[in-house]
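Written below as structure tokens is the structure these notes are about.
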Amino acid sequence: MIYLKKVDPQIKALIQKEKKRQSETLMMIPSENMVSKAVEEAVGSCLGNKYAEGYPGKRYYQGQEYIDKIETLVVERVKKAFKVPYANVQPLSGSPANLAVYTALLKPNDKIMGLELAHGGHLTHGDKVSVSGQFFKSVSYKLGKDGFLDYQALEKLVLKEKPKLIIAGITAYPKILDWKKFSLIAKKVKAYLLADIAHLAGLVLGGVYPSPVSFVDVITTTTHKTLRGPRGAIIMVTRKGLKKDPDLDKKIQKAVFPGLQGGPHINSIAGIGVALKEAEKNSFKKYSKQIVLNAKALAKELKKNGFNLISGGTDSHLILIDLSSFKITGNLAAEALEAGGIVLNRNSIPYDSRPPFYPSGIRLGTPGITSREMKEPQMKKIALWMKIIIEEISEIKKKMKISFESEKKKETREKIIKQSKAIKSIIVEVKKLCQKYPIKDFY
Ligand code: DSN
């Protein structure tokens, strides 16, 4: 960082601190990952200097000779990788990508149906605090009490509500989505079917999660999660989608630009292209396979160590833990684990008795630590460390007779965490593990 050092030592110092934090802790938020040096170079390149409103061959500004070539190349890579006839690589991230699909396919107040946020869906799948739940009528479907998607209940709800669009996508449901069942249900009411594979795109390309391509009309994905690319997103239209509506591609194209966005981030688009090239390699397939093997190993050990896992385990990269039996909030658990170097997030669980800001669960995943080449034996260690920390924290809270109301205060949680002996020794172990599995370039 020779230039940053000269120009802005303050920002440089903060970047270096963040780099150290990432290198010394376990990145276990399932939507996070790290990129290759090649992706970093593309994102940090001169492409960020260029405005390119429009699409290749149809831009509003001059100087697009190479920009057009780049965007076209990346679009072709997406089409080849996912086997789709249309791709748009301009959405700035996942939420705008979903909004673009809604504006392309729906009128204000049309009905949409997505998985409820607390049951593993996403804010943009119709949650009331998001425009997706305000500009459109939103009816959510839920998991069954057993933590599994109940397709019969979904069908009943769809037949009753007749949504115009059904969204099949997850951020916290660890099991495999049955794309075919979704497709049969959507067909009954002639609804459009959107698969939001933001969490799953890398697993799909790695061949360890079924592809929705033959079953849905439209697909959205971010590019920075299991796909291991830069922050960005893609919208794809499938052959099935074009059969249902031959103008679907044009509608999406218009919705992204000029409907919702101005100039695309060509540097990020180039980075997406690099990530897709990397995903063609055998090593990426091995990586994807290991993500799932690690998540399964971690889930098995967590269960052995007394954790209650929603849906009973995982078939993907993520795990959702119900902490009710430990009588602590997800906030306290996530903060205690962070103090021990294990970085994950608090999360609502299905039928949560607590509010979303103080939920009963934590969510974790393996894409980040698998990028550091950790394998099953390391998952065993992490599960044990989690058990030791959570049990001790729960015990301290009990001894201090802390109520739920008091636990809501950050100072109270800090007091509990300060008393932990386990955290002080586990952070040392985590640092040692991180040194053994450093963040390095993987290509
Ligand atoms: N924030 C992402 C996640 O953590 O799942 C989804 O947008």
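Every number in my numbering is 8 more than the matching position in the sequence shown, counting from 1. Think of the CB as a built atom: it goes at the ideal place given N, C-alpha and C, for glycine as much as any other residue.
Which whole-angstrom value is the C-beta distance of residue i and residue j, which I expect to be below 8 Å?
i, j, result
"residue 305", "residue 325", "Not confirmed; about 12 Å, so no contact."
"residue 349", "residue 107", "Incorrect: roughly 36 Å between the Cβ atoms, too far for contact."
"residue 226", "residue 249", "5 Å"
"residue 329", "residue 340", "Not confirmed; about 13 Å, so no contact."
"residue 238", "residue 43", "6 Å"
"residue 280", "residue 242", "7 Å"
"residue 92", "residue 276", "Between residue 276 and residue 92 the Cβ distance is about 20 Å, and since that is not below 8 Å, they are no contact."
"residue 401", "residue 428", "6 Å"
"residue 37", "residue 321", "Not a contact, Cβ separation roughly 19 Å."
"residue 178", "residue 123", "7 Å"
"residue 109", "residue 260", "7 Å"
Would you kindly check if the distance between the Cβ of residue j and the Cβ of residue i is under 9 Å?
i, j, result
"residue 245", "residue 95", "yes"
"residue 85", "residue 284", "yes"
"residue 163", "residue 196", "yes"
"residue 210", "residue 234", "yes"
"residue 323", "residue 182", "yes"
"residue 146", "residue 120", "yes"
"residue 333", "residue 314", "yes"
"residue 337", "residue 358", "no"
"residue 128", "residue 114", "no"
"residue 56", "residue 370", "no"
"residue 425", "residue 375", "no"
"residue 190", "residue 174", "yes"
"residue 385", "residue 97", "no"
"residue 103", "residue 125", "no"
"residue 80", "residue 99", "no"
"residue 221", "residue 297", "no"
"residue 252", "residue 200", "yes"
"residue 407", "residue 335", "no"
"residue 206", "residue 112", "no"
"residue 117", "residue 379", "no"
"residue 301", "residue 383", "yes"
"residue 278", "residue 214", "no"
"residue 88", "residue 451", "no"
"residue 393", "residue 438", "yes"
"residue 347", "residue 230", "no"
Got a sec: does ligand 3 put a non-hydrogen atom nearer than 8 Å to the Cβ of residue i?
i, result
"residue 39", "Although ligand 3 was asked about, the structure shown includes only ligand 1 as ligands."
Using three-state DSSP, classify residue i as helix, strand or coil.
i, result
"residue 157", "strand"
"residue 317", "strand"
"residue 76", "helix"
"residue 225", "coil"
"residue 19", "helix"
"residue 322", "coil"
"residue 35", "strand"
"residue 151", "strand"
"residue 420", "helix"
"residue 230", "strand"
"residue 408", "coil"
"residue 257", "helix"
"residue 269", "coil"
"residue 264", "helix"
"residue 382", "coil"
"residue 451", "coil"
"residue 334", "helix"
"residue 90", "helix"
"residue 40", "coil"
"residue 104", "helix"
"residue 392", "helix"
Per DSSP, what are the beta-bridge partners of residue i in this structure?
i, result
"residue 1", "Past the boundaries of the shown model lies residue 1; the chain is included only from 9 to 451, so the question cannot be answered."
"residue 177", "204"
"residue 62", "67"
"residue 96", "243"
"residue 146", "120"
"residue 235", "In DSSP, residue 235 forms no bridge with anything."
"residue 327", "372"
Note down the Cα distance separating residue i from residue j, rounded to an integer number of angstroms.
i, j, result
"residue 188", "residue 218", "10 Å"
"residue 417", "residue 432", "22 Å"
"residue 448", "residue 208", "23 Å"
"residue 60", "residue 266", "12 Å"
"residue 294", "residue 159", "32 Å"
"residue 30", "residue 203", "31 Å"
"residue 176", "residue 10", "46 Å"
"residue 77", "residue 421", "53 Å"
"residue 411", "residue 419", "13 Å"
"residue 446", "residue 144", "46 Å"
"residue 166", "residue 224", "16 Å"
"residue 258", "residue 153", "41 Å"
"residue 54", "residue 289", "27 Å"
"residue 361", "residue 255", "45 Å"
"residue 18", "residue 12", "9 Å"
"residue 308", "residue 67", "53 Å"
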